[in-house]
Amino acid sequence: RARIIATREGDMDAMTVQIETSAGEASVFEDLVKTHLKLKGTIEIFPTGSLPRDGLVIEDQRKYD
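Residue numbers (the numbering used here): 56 to 120.
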């Protein structure tokens, strides 16, 4: 399971990818995200079963005030 969170940092958008896995380091997934999505983002690793099961895959937390 994975979730992408979009946020706003100053004038730039930022992406965090939260991934459930029992093995692996964030750096491995950073390379995969860059290769497949052509985007740079922060990777957060979570234990299997810990992300919410609410059906939300992309969470847009950006504010444009």
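C-beta: ideal position from N, C-alpha, C; glycine also. Computed from a prediction, not measured in an experiment: that's the story for all the values here.
Judged by DSSP secondary structure, Asp86 falls within the alpha helix (DSSP H) whose first and last residues are Ala81 to Leu92. Looking only at Glu80, Tyr119, Ile113 and Asp120, the smallest Cα-Cα distance to Ile60 is reached by Ile113. The residues Arg63, in chain order, have a CB closer than 8 angstroms to that of Tyr119 in the same chain once the five nearest residues on each side in sequence are set aside. Residue environment analysis places Val83 among the exposed positions, since fewer than 16 neighbouring C-beta atoms fall within 10 angstroms of its C-beta. Gly65 and Thr71 have their alpha carbons spaced roughly 16 angstroms apart.
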